[in-house]
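Going by this note's numbering, the first residue of the sequence shown is number 9, and it counts up by one from there.
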Amino acid sequence: MAPSLLVLWTIASMDNRREPAKVVIVTFLFGAAGALLISFLQIPIPGILLLSNAPVIQTYLHATLEVAAPEEAVKLIVLVFFCSRYIAYDHPMEGVVYGAAVGLGFAAYENLFYLANNTEHWFQIALARGLFTVPVHGALAVIIGIYVAKARAAQARHRSLGYRITNYFTGWAIAVILHGIFDFPLLLQQRLRLDQSGLAVLMIAIGIVAAGLASVVAARIIYRARLAQAVSSNSFMTRHRFQNHPWRRTSLVVIALFLVALPILGWARTLLERAT
9 MAPSLLVLWT IASMDNRREP AKVVIVTFLF GAAGALLISF LQIPIPGILL
59 LSNAPVIQTY LHATLEVAAP EEAVKLIVLV FFCSRYIAYD HPMEGVVYGA
109 AVGLGFAAYE NLFYLANNTE HWFQIALARG LFTVPVHGAL AVIIGIYVAK
159 ARAAQARHRS LGYRITNYFT GWAIAVILHG IFDFPLLLQQ RLRLDQSGLA
209 VLMIAIGIVA AGLASVVAAR IIYRARLAQA VSSNSFMTRH RFQNHPWRRT
259 SLVVIALFLV ALPILGWART LLERAT
């Protein structure tokens, strides 16, 4: 959980308008609850089953439509139906902070789920998910959050319902496409049973590309949102705020959590092995 919490803390600290801590925390927890719900609700799309003779296409459609689409829909639902009750989305950073909160909460639960179910390779999984999956979930949810903020701002200007729905769908669709690209290689490896060396190279390459692409898209959307809207002097793009972030303290916390987490995970693994 440390990577998710640290990324959220960093993003939230860049906002000069401090968001209500309770709402941010509850949004984080709703993201985790959404991941728990998705793990039980797996609804297959019948048409994909007909593509068994084309495993690559079938796997990509599965990753995009059956995995990524519902996961990103959960994040969108939290941002639209929960966060909108407590915040106005009157400046871009609100979409960034709350989008990051729901996405990182989702990633935190997934991390715990995969570690609990793969105790033999827990270190590799923790490292890979901490470096790639957590930033990807955060970036994708930030993309959705920006479009939700744009739609809510349009509502305040009495724009049409169709315009707002278009913004919701656009943010969700971008996140789904990027998420599908990220999940596709792992699902394909599981289906085709690729060798371990091939898996390592494939996952590293696709993980870096997908994580980088999601981050670039998120950064570009935030930049364009700033140009399109009047940004107050205390917005998230204010340079001094970024420079004044306690980076040294963050680094020390990261190192401390890493040193504490390794023996705890090793001890937990030993207990699990004895129990089984």
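Where is the CB? At the ideal position from N, CA and C, for every residue including glycine. In this text the structure is predicted, and so the values were computed from the model without any measurement.
Asked                                                                                     : Found
Check whether ALA109 and VAL32 have beta carbons under 8 Å apart                          : yes
Straight-line gap, CYS91 to LEU37 (C-alpha atoms, nearest Å)                              : 12 Å
Coil, strand or helix - ASN61 by DSSP                                                     : coil
CA nearest to the CA of SER223, picked from ALA157, ASN175, HIS145, PHE131                : HIS145
Beta-carbon spacing of TYR68, PHE190 below 8 Å                                            : no
Where LEU49 sits in the DSSP three-state scheme                                           : coil
Spatial distance of SER240 from GLY138 (CA atoms)                                         : Bear in mind that the predicted position of SER240 carries a pLDDT of just 45, short of 50, making it unreliable; the figure below should be weighed with that in mind. Their Cα atoms are separated by approximately 34 Å.
Segment limits, alpha helix (DSSP H) that includes GLY103                                 : 100-125
Proximity of VAL142 and ALA226 at Cβ, strictly below 8 Å                                  : no
Exposure label - TYR97; buried when at least 16 CB within 10 Å                            : buried
Three-state class that DSSP yields for PRO28 in the structure shown                       : coil
Any 3 or more C-beta pairs closer than 8 Å across the region 171-182 and the region 39-46 : no
Whether GLY153 touches GLY103 by CB criterion (8 Å)                                       : yes
Rounded Cβ spacing between PRO52 and LEU200 (contact assumed at less than 8 Å)            : About 20 Å; that fails the 8 Å criterion.
Beta-carbon proximity check, VAL117 vs THR35, cutoff 8 Å                                  : For clarity, residue 117 is Tyr in the given sequence; the question names Val instead. Result no, Cβ atoms of TYR117 and THR35 do not sit closer than 8 Å.
Extent of the continuous alpha helix (DSSP H) to which HIS187 belongs                     : 169-200
Enclosing alpha helix (DSSP H) for ILE85 [first to last residue]                          : 77-85
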